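With our numbering as the guide, the letters of the sequence shown map in order to residues 43 to 280.
Below is one structure, written out as structure tokens; comments come after it.
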Amino acid sequence: MPVKRLYCSDLQVGLNRLSAEESHHATNALRLQPGHEVRLFDGAGNIADGILDRVSKRETVISVQQIDQMAYDLPCRLTLAVSMPRTHRQGYLIEKCTELGVAGIWAIQTDRGVAQPGQGAADKWTRRTIEAAKQCGRNWLPQIKTAQTFALVIAQANDFDLALFLDKSDEAKSFAQYLSTDKPLSVLAIIGPEGGWSDEERTQARDAGLASTTLAPTILRTETAAMAACSLVASLGI
């Protein structure tokens, strides 16, 4: 039987107390009892095997003797700057991109965006990344940011080996071509709203020197484009 994985943000040698949400999951959903073996991860690559020391309605305490640092999931770290779709599709995007190894998801404000998520949404998304990571075996959680303006995202483009502006165009090279040719260790992919980029945003991207790229010959939904970008990075193993 696989060892159950639990999230502990402040992982340390000795006694570790789980958050109220994780404690509830451990006791109510997993039915764990004192003496059970579990594996803890902190979302930053640290993992530890431990033994449940105490379990009650108030707290779950796990004893750890050693912590190991794991390498990042993929050679290339992909950050998605996304004009988020409507609320009912946001969680799906977060969950699937986490499973595919995304390093960061930034919600950006765009001229034709349909959603402007705030801190409350970020908290829900973070919880969604934890659940996805537990399920798929990831030891790293993606960085979640909200309320990023388009100008702020462009200003951070130089922090990445490769920054790509996803825009349907006959002249644009494919996303896969850029990855295969440049073999970057960090990529920023900027994904617009389903209503498309405004002329002003296209001008800003061009003036900033961002390369335009496409993911498919068809027009993709926002969450489909996000998952396609993650899948390409994961499959190429760059």
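Even for Gly, the Cβ is constructed at its ideal location relative to N, Cα and C.
Predicted, not measured: the structure shown is a model, and the values here were computed from it.
Notebook entry, point to check: In whole angstroms, what is the alpha-carbon distance linking S123 and G77?
Noted result: At residue 123 the sequence reads Ala, which differs from the Ser that was named. Their backbone Cα atoms lie some 43 Å apart in a straight line.
Note to self: For R96, count the other beta carbons within 10 Å of its own beta carbon; 16 or more makes it buried, fewer makes it exposed. Which is it?
What the structure shows: exposed
Notebook entry, point to check: Is the CB-CB distance between F217 and T255 below 8 Å?
Noted result: yes
Item checked: Own chain, CB closer than 6 Å to A205, minus 5 neighbours either side, in chain order -> Sequence-distant partners of A205 (beyond 5 residues in either direction) whose C-beta falls short of 6 Å from its own C-beta, in its chain, are A199, L230 and L252.
Next item on the list: Tell me, please, whether the stretch 271 to 279 touches the stretch 135 to 155 by the rule of three or more beta-carbon pairs shorter than 8 Å.
Entry: yes
Checklist line | Neighbourhood of A174 by C-beta distance below 6 Å, restricted to the same chain and skipping five residues each side | finding: So the list reads E137, T140 and E141, once near-sequence residues are dropped.
Notebook entry, point to check: Taking the C-alpha atoms as reference points, what is the distance between Y134 and E265?
Noted result: Between Y134 and E265, the C-alpha separation is close to 8 Å.
Check: On the premise that R119 lies in contact with S81, defined as a C-beta separation below 8 Å, what is that separation, rounded to the nearest angstrom?
Finding: Note that residue 81 is Arg in the sequence shown here, rather than Ser. Between R119 and R81 the Cβ distance is about 23 Å, and since that is not below 8 Å, they are no contact.
Margin query: Taking 8 Å as the threshold (C-beta atoms), are P184 and I233 in contact?
Written below: no
Check: Using the C-alpha atoms, what's the distance from E242 back to V275?
Finding: Cα to Cα, the separation comes out at about 29 Å.
Check: What are the boundary residues of the alpha helix (DSSP H) that I136 is part of?
Finding: T129 to E141
Next item on the list: Note down the Cα distance separating Q132 from K225, rounded to an integer number of angstroms.
Entry: 29 Å
Check: Could you give the uninterrupted runs of the beta strand (DSSP E) lying entirely in the stretch 44 to 123, keeping only those of 3 residues or more?
Finding: 46 to 49, 56 to 59, 79 to 83, 88 to 97 and 102 to 106
Checklist line | Residue span of the alpha helix (DSSP H) that contains V195, given as start and end | finding: Per DSSP, V195 belongs to the alpha helix (DSSP H) from F192 to A197.
Item checked: Status (buried if at least 16 other CB within 10 Å, exposed otherwise) for V106 -> buried
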